[in-house]
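Enquirer:
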């Protein structure tokens with residue numbers, strides 16, 4: 017399993033590439049949400065690795081990454097971790113995809129003046145102002161439900177091999193409350209509302225129709241402040257459409273990727 021170092025902390029990521037022709041397809045880099053891990057993208061890694069190089073990070077303290085001491089922040093700590101991975105892998109042309117808190121990390125990454133600018137951005141159920149602690153109970157409940165769904169999914173079993181299944185089950189079931197609490201504090205301190213119009217790359221925003229954590233009305237409002245953004249609402253989905261409605265989510269994402277590749 018691949019790891020890289022950031023400030024002396026060993027961080028884990030997955031790099032899945034099942035393309036027949038390695039020269040085709042833009043690289044996709046996924047960032048998970050609060051209290052989660054790269055496993056939240058399992059249904060996308062499996063599908064899109066057939067046509068693209070797909071990479072997903074475990075932020076510090078999440079998944080199989082080591083923890084860091086003290087508080088973390090979205091616009092510095094987590095953003096710098098993603099930047100270090102991009103430099104570690106020498107990524108040049110890639111699409112950055114972030115869910116919830118990971119969307120905040122993705123936006124912060126794009127706004128940072130020393131990072132490699134992705135060619136496009138995908139934001140899933142996120143906002144430039146992440147006051148998630150107000151909805152902490154619902155967020156934790158949904159995170160647990162989504163993890164249970166993934167554990168029962170045949171696609172999840174196909175994504176991992178028999179040897180790793182137990183380890184991933186343990187990882188999903190035993191995500192520490194401390195990490196979630198720390199993430200929520202980081203989210204509360206995150207607010208780039210005043211800079212959102214500076215994100216001047218193609219941006220695709222996806223939100224669940226029934227998301228009561230970051231509702232479609234909130235997402236629609238900040239979409240209108242982005243210079244080059246489109247919005248799609250996934251029916252019968254809550255805060256994690258990539259898990260709750262993977263077929264529709266993947267269809268929408270695929271459509272955007274094709275557009276980017278044809279217009280880049």
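Residue numbers (the numbering used here): 17 to 280. Positions of the beta carbon are idealized from the N, C-alpha and C atoms, including for glycine.
Would residue 47 and residue 122 be called neighbours here (beta carbons separated by less than 8 Å)?
Expert: yes
Enquirer: In chain order, what are the residue ranges of uninterrupted beta strand (DSSP E) at least 3 long that sit wholly in the stretch 53 to 110?
Expert: Within the stretch 53 to 110, the complete beta strand (DSSP E) segments of 3 residues or longer fall at 70 to 73, listed in chain order.
Enquirer: In terms of residues, what are the limits of the beta strand (DSSP E) holding residue 281?
Expert: Not covered by the structure: residue 281. The range shown for the chain is 17 to 280.
Enquirer: Let me know if residue 90 comes out buried or exposed under the rule of 16 or more other beta-carbons within 10 Å of its beta-carbon.
Expert: buried
Enquirer: Could you pull out every unbroken beta strand (DSSP E) segment of at least 3 residues lying fully inside the stretch 211 to 265, listed in chain order?
Expert: 219 to 224 and 245 to 250
Enquirer: Opposite residue 114 in the DSSP bridges: which residues?
Expert: Paired residue(s): 47 and 139.
Enquirer: According to DSSP, is residue 204 part of a helix, a strand, or is it coil?
Expert: helix
Enquirer: Is the distance from the Cβ of residue 74 to the Cβ of residue 53 below 8 Å?
Expert: yes
Enquirer: What three-state label does DSSP hand residue 199 in the structure shown?
Expert: helix
Enquirer: Going along the chain, which residues of its own chain have a beta-carbon closer than 7 Å to the beta-carbon of residue 67, five neighbours each way excluded?
Expert: Within the same chain, Cβ atoms closer than 7 Å to the Cβ of residue 67 are found at 35 and 41, the five residues on either side in sequence being excluded.
Enquirer: From the DSSP output, read off the bridge partner residues of residue 22.
Expert: 25
Enquirer: Taking residue 141 and residue 116 to be in contact with their CB atoms under 8 Å, please state how far apart those CB atoms are, rounded to whole angstroms.
Expert: Taking the Cβ atoms as the reference, residue 141 lies roughly 5 Å from residue 116, within the contact range of under 8 Å.
Enquirer: Please determine, among 267, 27 and 32, the residue with the shortest C-alpha to C-alpha distance to residue 81.
Expert: 27
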